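Novice: Here the sequence shown is numbered in the working numbering, starting from 691 and rising by one per residue.
Each residue gets a CB set at the ideal place from its N, CA and C atoms; glycine is no exception.
Since this is a predicted model, take the numbers as computed values, not measurements.
Structure in structure tokens, see below.
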Amino acid sequence: MHVLLVDDEPLAREELNYLVSQHPAVTSVAQAESVLEAMTKMMEQKPDILFLDIHLTDESGFELAEKLVTLSDPPYLVFATAYDDYALQAFQVNASDYLLKPFEEKRVMEIIDKAKKQVNKNQRTTTKSVEQFSTFPIHSDDRIFLINPETVQMVSVDERSLSIFTDEKQYVTTGTLSGIEQKLPPALFIKTQRSFIINVTKVKEIQPWFNHTLQVTMENGEKVPVSRSYLKAFKERLNLE
Numbered sequence: 691m692h693v694l695l696v697d698d699e700p701l702a703r704e705e706l707n708y709l710v711s712q713h714p715a716v717t718s719v720a721q722a723e724s725v726l727e728a729m730t731k732m733m734e735q736k737p738d739i740l741f742l743d744i745h746l747t748d749e750s751g752f753e754l755a756e757k758l759v760t761l762s763d764p765p766y767l768v769f770a771t772a773y774d775d776y777a778l779q780a781f782q783v784n785a786s787d788y789l790l791k792p793f794e795e796k797r798v799m800e801i802i803d804k805a806k807k808q809v810n811k812n813q814r815t816t817t818k819s820v821e822q823f824s825t826f827p828i829h830s831d832d833r834i835f836l837i838n839p840e841t842v843q844m845v846s847v848d849e850r851s852l853s854i855f856t857d858e859k860q861y862v863t864t865g866t867l868s869g870i871e872q873k874l875p876p877a878l879f880i881k882t883q884r885s886f887i888i889n890v891t892k893v894k895e896i897q898p899w900f901n902h903t904l905q906v907t908m909e910n911g912e913k914v915p916v917s918r919s920y921l922k923a924f925k926e927r928l929n930l931e
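Laid out in structure tokens, this is it:
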């Protein structure tokens with residue numbers, strides 16, 4: 691893991707640098723003494739963990755922390771300070787931990803262990819998300835379209851064709867419902883009947899229907915039946931029971 695230390699006191703930086711470097715998961719350690727230098731170092735090499743002092747020369751570590759809030763994938767933020775009365779404010783800017791000076795090796799190791807678990811979890815989530823929501827190709831109107839599954843509202847099939855309804859348009863293609871189901875992320879889609887698959891995030895309304903079944907209205911206005919065979923799984927998925 692890459693670590694960035696931000697502190698305007700050289701001795702404090704060197705002490706923390708020594709302690710952090712003892713952890714086997716740490717592969718590199720960079721140092722900065724100001725917010726500007728820290729931002730430059732972050733652009734050069736994205737840190738996994740950021741140890742940030744609150745009181746810097748003529749500025750506050752909170753200035754940098756507030757900038758991190760806007761990042762889609764910010765580093766694991768640890769405020770490293772001699773003052774314990776900023777803990778509440780630190781966590782208001784999404785700090786993950788709080789390290790008091792003088793630094794204790796055991797405490798530093800504990801923080802890095804926690805950071806490692808969080809970084810690994812984030813990496814697995816990102817990989818899973820990329821895999822789940824990759825576009826998939828379909829053949830329609832003598833062309834190949836790449837479809838983002840997040841834009842798909844529903845899929846239906848009849849004897850002759852397969853219809854894919856997205857937020858913008860309807861694509862008619864060939865194939866089977868089971869074939870297209872394999873291309874759709876299970877996190878978003880569920881089968882409601884032998885001929886229908888819907889995106890659960892696009893459901894607008896649910897109504898009771900004949901013989902104790904349900905009818906779903908999608909965001910695009912399409913009506914979709916939920917047959918008795920799929921009713922239990924559908925209710926569990928949408929927390930209707």
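1. Where does the unbroken alpha helix (DSSP H) through Y708 begin, and where does it stop?
2. When DSSP labels each residue in this structure, what does D803 get in the three-state scheme?
3. Are there 16 or more other CB atoms within 10 angstroms of the CB of V759, so buried, or fewer, so exposed?
4. Classify K811 as helix, strand or coil using the three-state DSSP reduction.
5. Using the Cβ count rule (16 or more neighbours within 10 Å means buried), how would you classify F855?
6. Do S885 and T903 have their beta-carbon atoms positioned less than 8 Å apart in this structure?
7. Answer yes or no: does any C-beta atom of chain B fall closer than 8 Å to that of K804?
8. Cα separation between D803 and M691?
9. Between the alpha carbons of R797 and N929, how many angstroms are there, rounded?
10. Please identify the residue among S786, D787, E871, K806 whose C-alpha is closest to the C-alpha of I828.
11. Along the chain, where does the beta strand (DSSP E) containing R884 start, and where does it finish?
12. Check whether the Cβ atoms of E704 and S724 sit closer than 8 Å, and answer yes or no.
13. Report the residue from Y861, K811, T841 whose alpha carbon sits nearest the alpha carbon of R833.
14. How many angstroms separate the CA atom of F900 from the CA atom of S824?
15. Have a look at V842 and L789 and give me their C-alpha separation to the nearest angstrom.
Specialist: Reading off the structure:
1. Along the sequence shown, one-based indexing puts residue 708 at 18. Per DSSP, Y708 belongs to the alpha helix (DSSP H) from 700–711.
2. For the purposes of this step, residue 803 is taken as the residue at position 113 of the sequence shown. Helix.
3. Locating residue 759 in the sequence shown gives position 69, counting from the first residue. Per the 10 Å Cβ criterion, exposed.
4. Here residue 811 refers to the residue found at position 121 of the sequence shown. Reduced to three states, the DSSP call for K811 is helix.
5. Sequence index remark: in the sequence shown, residue 855 carries index 165 (1-based). So F855 counts as buried.
6. Here the question's residue 903 lines up with position 213 in the sequence shown. Here the question's residue 885 lines up with position 195 in the sequence shown. Against a cut-off of 8 Å, the Cβ pair of S885 and T903 comes out as no contact.
7. The structure shown contains no chain B, having only a single protein chain.
8. Indexing the sequence shown from 1 puts residue 803 at position 113. Indexing the sequence shown from 1 puts residue 691 at position 1. Going from the Cα of D803 to the Cα of M691 covers about 11 Å.
9. Residue mapping note: residue 797 aligns to position 107 of the sequence shown, counting from 1. Residue mapping note: residue 929 aligns to position 239 of the sequence shown, counting from 1. Approximately 42 Å, taken between the alpha carbons.
10. Here residue 828 refers to the residue found at position 138 when the sequence shown is read from its first residue. When only C-alpha atoms are compared, the closest one is E871.
11. If you number the sequence shown from 1, residue 884 lands on position 194. R884 -> no beta strand (DSSP E), and no H or E assigned at all.
12. Here residue 704 refers to the residue found at position 14 when the sequence shown is read from its first residue. Here residue 724 refers to the residue found at position 34 when the sequence shown is read from its first residue. For E704 and S724, no; Cβs fall outside 8 Å.
13. As a first step, residue 833 must be located in the sequence shown, where it is residue number 143. Cα-wise, what sits closest to R833 is Y861.
14. Position 210 of the sequence shown holds residue 900. Position 134 of the sequence shown holds residue 824. The alpha-carbon atoms of F900 and S824 are separated by roughly 37 Å.
15. As a first step, residue 842 is located in the sequence shown; it is residue number 152 there, counting from the start. As a first step, residue 789 is located in the sequence shown; it is residue number 99 there, counting from the start. Distance between the alpha carbons of V842 and L789: 46 Å.
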